[in-house]
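**Student:**
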Amino acid sequence: NAGVTQTPKFQVLKTGQSMTLQCAQDMNHEYMSWYRQDPGMGLRLIHYSVGAGITDQGEVPNGYNVSRSTTEDFPLRLLSAAPSQTSVYFCASSYSGAGTGELFFGEGSRLTVL
Amino acid sequence: GENVEQHPSTLSVQEGDSAVIKCTYSDSASNYFPWYKQELGKRPQLIIDIRSNVGEKKDQRIAVTLNKTAKHFSLHITETQPEDSAVYFCNAGGTSYGKLTFGQGTILTVHP
Chain A
24 NAGVTQTPKF QVLKTGQSMT LQCAQDMNHE YMSWYRQDPG MGLRLIHYSV
74 GAGITDQGEV PNGYNVSRST TEDFPLRLLS AAPSQTSVYF CASSYSGAGT
124 GELFFGEGSR LTVL
Chain B
10 GENVEQHPST LSVQEGDSAV IKCTYSDSAS NYFPWYKQEL GKRPQLIIDI
60 RSNVGEKKDQ RIAVTLNKTA KHFSLHITET QPEDSAVYFC NAGGTSYGKL
110 TFGQGTILTV HP
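Quick note, the sequences are listed as chains A and B, same order. Just so we're aligned: 58 in this note's numbering is position 35 of the first sequence, and the numbers increase by one with no gaps anywhere. Just so we're aligned: 115 in this note's numbering is position 106 of the second sequence, and the numbers increase by one with no gaps anywhere.
#1: Work out the CA separation of Tyr54 of chain A and Cys46 of chain A for me, nearest whole Å.
#2: Does the structure place the segment 43–55 of chain B close enough to the segment 93–106 of chain A that three or more beta carbon pairs sit under 8 Å?
#3: Round the Cβ separation of Val22 of chain B and Gly112 of chain B to the nearest angstrom and send it over; I've been treating them as touching at under 8 Å.
#4: Give the residues of chain B in contact with Glu95 of chain A, contact being defined as C-beta atoms less than 9 Å apart.
#5: Straight-line CA distance for Lys31 of chain B to Met50 of chain A?
#6: Alpha carbons only, please: which of B:Asp68, B:Tyr34, B:Ser37, B:Ser27 is nearest the one belonging to Phe91 of chain B?
#7: When DSSP labels each residue in this structure, what does Asp96 of chain A get in the three-state scheme?
#8: Does the segment 70–82 of chain B come close enough to the segment 106–115 of chain A that 3 or more CB-CB pairs lie under 8 Å?
#9: Using a Cβ cut-off of 8 Å, pull out every chain B residue sitting near Val73 of chain A, in sequence order please.
#10: In the DSSP assignment, what residue or residues form a beta bridge with Glu14 of chain B?
#11: Do Ser37 of chain B and Lys67 of chain B have their C-beta atoms closer together than 8 Å?
#12: Where does Gln69 of chain B land, buried or exposed, given buried means 16+ other C-beta within 10 angstroms?
#13: Does DSSP put Glu92 of chain B in a helix, in a strand, or in coil?
#14: Kindly list the residues whose CB is nearer than 6 Å to the CB of Thr118 of chain B, restricted to its own chain and excluding five residues on each side of it in sequence; keep chain order.
#15: For Tyr118 of chain A, count neighbouring Cβ atoms within 10 angstroms of its own Cβ and tell me buried if that reaches 16, exposed if not.
#16: Interface residues of chain B around Ala121 of chain A at Cβ under 7 Å?
#17: Taking all protein chains shown into account, decide if Phe33 of chain A is buried (16 or more other Cβ within 10 angstroms of its Cβ) or exposed.
#18: Cβ of Pro98 of chain A within 8 Å of Cβ of Thr43 of chain A?
Below is the structure:
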């Protein structure tokens with residue numbers, strides 16, 4: 024049982040490049056989400072999904088796209104990276120989309136945009 | 010949606026002292042209140058949670074109390090140890106379906 028798996032763990036991009044952060048969970052959780060964490064800013068919600076085929080915006084969605092074609096996978100896409108997107112990204116999943124259950128986090132992906 | 014405020018943003022204590030972190034929430038219908046601990050360079054992990062039908066919950070040196078009337082809940086750590094040094098986050102769930110936001114976090118430092 025791997026839990027929540029994120030790849031890559033580290034990535035350096037140049038401004039304007041695109042990339043995808045991968046997230047997979049093997050707990051059959053309906054709810055998946057992406058957060059970014061900046062120093063002194065806590066965890067801010069980017070996008071979330073309450074089930075396959077359903078996605079919605081969080082607090083800071085601009086510059087990011089997501090899709091949820093399967094229950095297991097929830098990739099986060101940066102279409103044209105900007106230095107402001109330098110951050111640590113966490114994927115999280117839960118059996119409860121209503122926020123009434125534990126969130127399980129991946130190990131995080133540290134992204135630097137030059 | 011739910012708005013969660015967390016205080017203090019930093020907390021420094023001596024080993025053996027107690028530490029208290031408080032969160033206030035805006036939606037009286039919220040019914041699940043977890044606390045997460047994030048050690049340096051690691052992922053956040055749940056350490057304790059409480060549901061709205063309970064006023065207090067304890068697990069060894071940590072406890073969470075809930076005041077539904079005042080709409081706040083607190084994390085209490087007794088007999089603090091250096092390994093308690095971390096960032097702690099609170100969350101209030103049950104009303105904003107899917108849009109789960111966190112408090113701003115508290116950096117706890119326990120000095121030996």
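All C-beta atoms in this analysis are idealised placements derived from N, C-alpha and C, irrespective of residue type, glycine included. Only a predicted model underlies this, so the values are computations on that prediction, with no experimental measurement involved.
**Tutor:** According to the structure data:
#1: 12 Å
#2: no
#3: About 19 Å separates the two Cβ atoms, so there is no contact after all.
#4: Chain order gives no chain B residues near Glu95 of chain A, where near means a beta carbon separation below 9 Å; the closest approach is about 18 Å.
#5: 31 Å
#6: For clarity, residue 91 of chain B is Pro in the given sequence; the question names Phe instead. The option with the nearest alpha carbon to Pro91 of chain B is B:Ser27.
#7: strand
#8: no
#9: Tyr106, Gly107
#10: Bridge partners of Glu14 of chain B: B:Thr33.
#11: no
#12: exposed
#13: helix
#14: Ser21, Ser94
#15: exposed
#16: Those within 7 Å of Ala121 of chain A in chain B are Gly102, Gly103, Tyr106.
#17: When all chains shown are included, Phe33 of chain A counts as exposed.
#18: yes
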